[in-house]
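A.B. asks:
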Amino acid sequence: MSARGWIIFGVICVVLFGGLIFWSGRDRVDVSKVDTNAILSASASSGNISDRTFGNKEAKVVLIEYGDFQCPGCGSAHPALKALSEKYKDKLAFVFRNFPLTNIHPNARAAAAAAETAGQLGKYWEMHDILYENQDEWSNASTEDRAGIFAGYAERIGLDKKAFTAKLDDTTNVSKKINFDLALGRKLNVNGTPTFYLNGKKLAENQYNGQETLEKTLLAEFKKQGVTVTETTENQ
């Protein structure tokens, strides 16, 4: 290659490399001063959307999940999480943060956007649940098909289909929320889903792999925090 050719090649590489840095960094969010263990209020960085929290926000026990709606492991954990978060809703705060692994789950971010959009219309947990309970239906759907599937779910949980679709198309706040959650997970070096933190401590798989196991983990933390769990509550 001539000297002129090498110069042109070098310029192209610089432009391409600069572009890659720009695109890889444009969705990054500075969360260096954010307390990842706290239940977070809405902020400009999170698209003015607060942490999605089920149960008692003032509870002494907080369980945070970094999850991916297309992740089979998250789907398997969902029934136990739903049952226990409902059972102990007066004593537990369950927080779900988005951590879509788009390199292996191409529909994960779209599903997160559907849940966040439903949340803006007052139906976050209903969409969260229906996405997990029907994971096999949409996981491998095309871009066109998944949009129709999600709109159908919105209608099933009581939302106006057109209002949901219109809101879904306005992605600015929702995209910020997903990027914010991702940044929180990266700060903690989360690299797989589901990943759980119970009062700031990362759980090992043998602490949540099954409803009975997870319940024992929660009960131990309730005891540690001085939270009384009555026999009636345990047997509900």
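Residue 257 is where the sequence shown ends in this note's numbering, and the numbering goes up by one at each step.
By construction, the Cβ of each residue, glycine as well, lies at the ideal position given by its N, Cα and C atoms.
#1: Please look up how many angstroms separate the CB atoms of Asn-77 and Tyr-218, rounded, as I've assumed it's under 8 Å.
#2: Return helix, strand or coil for Val-250, following the three-state DSSP convention.
#3: Would you tell me roughly how many angstroms separate the C-alpha atoms of Leu-152 and Lys-103, rounded to the nearest one?
#4: By alpha-carbon positions, which one of Leu-113, Met-148 and Gly-206 ends up nearest to Glu-242?
#5: If you follow the alpha helix (DSSP H) that Ala-187 is in, where does it begin and where does it stop?
#6: In terms of residues, what are the limits of the beta strand (DSSP E) holding Gly-88?
#7: Nearest to Thr-164 by CA position, among Ser-64, Ala-131 and Ala-204, is which residue?
#8: Is any heavy atom of the ligand GDP found at a distance shorter than 7 Å from the C-beta of Gly-169?
#9: Between which two residues does the beta strand (DSSP E) harbouring Thr-216 extend?
#10: Starting from Asn-119, follow its DSSP beta bridges and name the residues at the other end.
#11: Checking 8 Å against the spacing of the C-beta atoms, do Gln-232 and Ala-101 come in under that value?
#12: Going by DSSP, which residues form a beta bridge with Arg-73?
#13: Less than 8 Å between the beta carbons of Phe-120 and Thr-192, yes or no?
#14: According to DSSP, what are the bridge partners of Lys-222?
#15: Roughly how many angstroms separate the alpha carbons of Glu-86 and Leu-205, rounded to a whole number?
#16: From this set, Ser-160, Asp-51 and Ala-225, which residue's C-alpha is nearest Ala-129's C-alpha?
C.D. replies: Here's the rundown:
#1: Residue mapping note: residue 77 aligns to position 56 of the sequence shown, counting from 1. Residue mapping note: residue 218 aligns to position 197 of the sequence shown, counting from 1. Asn-77 to Tyr-218, Cβ: 17 Å. No contact.
#2: Numbered from its first residue, the sequence shown carries residue 250 at position 229. Of the three classes helix, strand and coil, the one that applies to Val-250 here is coil, per DSSP.
#3: As a position in the sequence shown, residue 152 is number 131, starting the count at 1. As a position in the sequence shown, residue 103 is number 82, starting the count at 1. Rounded to the nearest angstrom, the two C-alpha atoms are 13 Å apart.
#4: If you number the sequence shown from 1, residue 242 lands on position 221. Considering only alpha carbons, the answer is Leu-113.
#5: The sequence position of residue 187 within the sequence shown is 166, counting from 1. Its alpha helix (DSSP H) spans residues 182 to 190.
#6: Locating residue 88 in the sequence shown gives position 67, where the first residue counts as 1. 82 to 88 is the span of the beta strand (DSSP E), which, as asked, contains Gly-88.
#7: Position 143 of the sequence shown, counted from the first residue, corresponds to residue 164. It is Ala-131.
#8: You won't find the ligand GDP in this model; it holds no ligand whatsoever.
#9: Position 195 of the sequence shown holds residue 216. 216 to 219 is the span of the beta strand (DSSP E), which, as asked, contains Thr-216.
#10: Residue numbering aside, residue 119 sits at position 98 when the sequence shown is read from its first letter. The partner list for Asn-119 (beta bridge, DSSP) reads Gly-88.
#11: For this step, residue 232 is matched to residue 211 along the sequence shown. For this step, residue 101 is matched to residue 80 along the sequence shown. Yes, these two residues count as a Cβ contact at 8 Å.
#12: The residue you call residue 73 lines up with position 52 of the sequence shown. According to DSSP, Arg-73 bridges with Phe-117.
#13: Counted from its first residue, the sequence shown places residue 120 at position 99. Counted from its first residue, the sequence shown places residue 192 at position 171. Not closer than 8 Å, so no.
#14: Reading the sequence shown from its first residue, position 201 is the one you call residue 222. In the DSSP output, where bridge partners are listed per residue, Lys-222 has Leu-219.
#15: By 1-based counting over the sequence shown, the position of residue 86 is 65. By 1-based counting over the sequence shown, the position of residue 205 is 184. Roughly 11 Å separates the two Cα atoms.
#16: On the sequence shown, position 108 is the one that residue 129 refers to. It is Ser-160.
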